[in-house]
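Residue numbers (this note's numbering): 16 to 356. A short write-up of the structure that comes next.
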Amino acid sequence: MNSAGEPLTHSGRDDVRIMTLQAHILEEQAHQPLAGGTFSWILSALSISAKIIADKVRRARLENVLGSIGTENIQGEVQQKLDVIANEVLLRTLGGREGVAIVASEENEEPVILRDDRHGIPRYCVLFDPLDGSSNLDVCGGVGTIFSILAHDGRAQRAEDSLLQAGARQVAAGYVLYGSSTVFVLTLGRGVDMFVLDPSVGAFMRVERNLRIPSGNKTYSVNEGNRRSFPDGYKRYLDWAQDNGYSSRYAGAMVADVHRILLKGGVFLYPPTSKSPQGKLRLMYEANPMAMLVEQAGGKTMAGPGQRIMDIQPTAIHQRTPVVLGATDQVDAVLAHLASA
Ligand code: P6P
Numbered sequence: 016m017n018s019a020g021e022p023l024t025h026s027g028r029d030d031v032r033i034m035t036l037q038a039h040i041l042e043e044q045a046h047q048p049l050a051g052g053t054f055s056w057i058l059s060a061l062s063i064s065a066k067i068i069a070d071k072v073r074r075a076r077l078e079n080v081l082g083s084i085g086t087e088n089i090q091g092e093v094q095q096k097l098d099v100i101a102n103e104v105l106l107r108t109l110g111g112r113e114g115v116a117i118v119a120s121e122e123n124e125e126p127v128i129l130r131d132d133r134h135g136i137p138r139y140c141v142l143f144d145p146l147d148g149s150s151n152l153d154v155c156g157g158v159g160t161i162f163s164i165l166a167h168d169g170r171a172q173r174a175e176d177s178l179l180q181a182g183a184r185q186v187a188a189g190y191v192l193y194g195s196s197t198v199f200v201l202t203l204g205r206g207v208d209m210f211v212l213d214p215s216v217g218a219f220m221r222v223e224r225n226l227r228i229p230s231g232n233k234t235y236s237v238n239e240g241n242r243r244s245f246p247d248g249y250k251r252y253l254d255w256a257q258d259n260g261y262s263s264r265y266a267g268a269m270v271a272d273v274h275r276i277l278l279k280g281g282v283f284l285y286p287p288t289s290k291s292p293q294g295k296l297r298l299m300y301e302a303n304p305m306a307m308l309v310e311q312a313g314g315k316t317m318a319g320p321g322q323r324i325m326d327i328q329p330t331a332i333h334q335r336t337p338v339v340l341g342a343t344d345q346v347d348a349v350l351a352h353l354a355s356a
């Protein structure tokens, strides 16, 4: 019964059932012909990892695990202590799942091959950025985990041959935002659903189904400190946006910026710059999963004029790409300026 003593029923759009992420995964499992329990177990490993990482992020300053460890990752970026801790959590939870053949992480130069495909069990590749935006940690800014799941090709001779699939072949994608609350956003290719961790219960509770990105929000999200080295079309767009009453919002963590766009609309851009001529964001475990989520929520995602992100055929696990993603009307406004002479 709800608070008014009425029976809990499907009330149109607002499904009042109490659904945890675990129950949602099992309910969705029926729609994934290949999945069976294998796929669901992978998602539950990501859920457990999110809870563990959320606790470590919340306690970071108390337990003095902020700051860097003084080494750099494959990206040449200084590793934060929690980058390494979050990476270990994901490797150890996913490592225990029978359905995971290969994992690839922003923090590991080479993919980790966990199992081959001899026994005919459908297996998957899981790619992730364990703690995206971790430089925000010291100042209590939003940080997140981003993940992408691909079906493993058991015939592949090398791990890369199975991993290097275009984003359009992802079977699932999502992120966890460790912000004012811990939010788990997931797509299995049938829309985008959102869950919030209830610490008193220790479960992710479903709060939104089939998220749709609102149109008409005149907000852009870009690091304007790089403006001088943007290609001219991006500069023309920014001039146009500022002449037309746009606001600017930029969190410095892709998960936080994309989450705002999923809920409120607008557009996120990471153009080519002099420092990152191919763009800064990584295709396989940042751009592709976010692109799947945004497109599943009715938005648009491009690497540039005429180049849909999820159509890019990757050639390297850590390759980078420019990114323009968000509400379709707002992405189209950017593209119009990239194309204009
Ligand atoms: P910049 C974080 O390091 C990250 O990979 C994304 O999460 C974020 O959108 C971007 O880089 C921020 O880069 O150059 O603006 O600090």
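Every residue, glycine too, gets a C-beta built ideally from N, C-alpha and C. Note that the coordinates shown come from a computational prediction; the quantities given were computed from them, not determined experimentally.
Check	Outcome
In three-state DSSP terms, what is I117?	strand
Nearest by alpha-carbon distance to L152: which of F283, R74 and L129 is it?	R74
For the ligand P6P, is there any heavy atom lying closer than 7 Å to the beta carbon of K96?	no
Measuring straight from C-alpha to C-alpha, what distance separates V222 and I228?	16 Å
Can you tell me where the beta strand (DSSP E) holding A318 begins and where it ends?	K315 to G319
Let me check understanding here. Comparing Cα to Cα, which of S120, Q172 and T160 lies closest to D131?	Q172
What residues in its chain sit with their C-beta under 6 Å from that of G248, if we drop five residues either side in the sequence?	H352 and L353
D258: beta carbon under 7 Å from a heavy atom of the ligand P6P?	no
Would you mind giving the Cβ-Cβ distance between Q94 and T86, rounded to the nearest angstrom? I have them listed as a contact below 8 Å.	5 Å
Residues in the same chain with beta-carbon distance under 7 Å from A256, minus the five sequence neighbours each way, listed in chain order, please.	Y235
Excluding the 5 residues flanking Y190 on each side, which residues of the same chain have their C-beta closer than 6 Å to its C-beta?	G159, I161, V200 and V270
Classify T330: buried if its beta carbon has 16 or more other beta carbons within 10 angstroms, exposed otherwise.	exposed
Output yes or no for whether 8 Å exceeds the beta carbon distance between S64 and L36.	no
Considering only C-alpha positions, which residue in the set D144, E92, L81 and E113 is nearest to N102?	D144
Report yes if the C-beta distance between K233 and Y252 is below 8 Å; otherwise report no.	no
Mapping the DSSP letters down to three states, classify M220 as helix, strand or coil.	strand
Reducing DSSP to helix, strand and coil, say where Q257 ends up.	helix
Would you say the beta carbon of S163 comes nearer than 7 Å to a heavy atom of the ligand P6P?	no
What three-state label does DSSP hand Q37 in the structure shown?	helix
Between A354 and the ligand P6P, is there a pair consisting of the residue's CB and a ligand heavy atom that are separated by less than 7 Å?	no
Given a threshold of 16 other Cβ atoms within 10 Å of its Cβ, counted over all protein chains shown, does N259 qualify as buried or as exposed?	exposed
D303: buried (16+ other C-beta within 10 angstroms of its C-beta) or exposed?	Looking at the sequence provided, one finds Asn at residue 303 rather than Asp. Counting Cβ neighbours within 10 Å, N303 comes out buried, since at least 16 surround it.
How is the beta strand (DSSP E) around Q94 delimited, first residue to last?	V93 to Q95
Using 10 angstroms around the beta-carbon of D147, count the other beta-carbons present and answer buried if the total reaches 16, otherwise exposed.	buried
Between M220, F54, S59 and S263, which lies nearest to W240 when the distance is taken from Cα to Cα?	The sequence shown places Gly at residue 240, rather than the Trp named in the question. For G240, the nearest C-alpha among the options comes from S263.
Just verifying my parser: in three-state terms, what is the DSSP assignment at G206?	coil
Please go through the region 261-294 and give each complete beta strand (DSSP E) segment of 3 or more residues, from N-terminal end onward.	282-285
DSSP state of R173, grouped into three classes?	coil
Return yes when at least one heavy atom of the ligand P6P lies under 7 Å from the C-beta of Y249, else no.	no
Quick one: grab the DSSP three-state call for G341.	strand
Let's test the definition: count the other Cβ atoms within 10 Å of the Cβ of S163 and tell me whether it reaches 16, buried, or not, exposed.	buried
Determine the direct distance from the alpha carbon of E122 to that of G182, and round the result to whole angstroms.	20 Å
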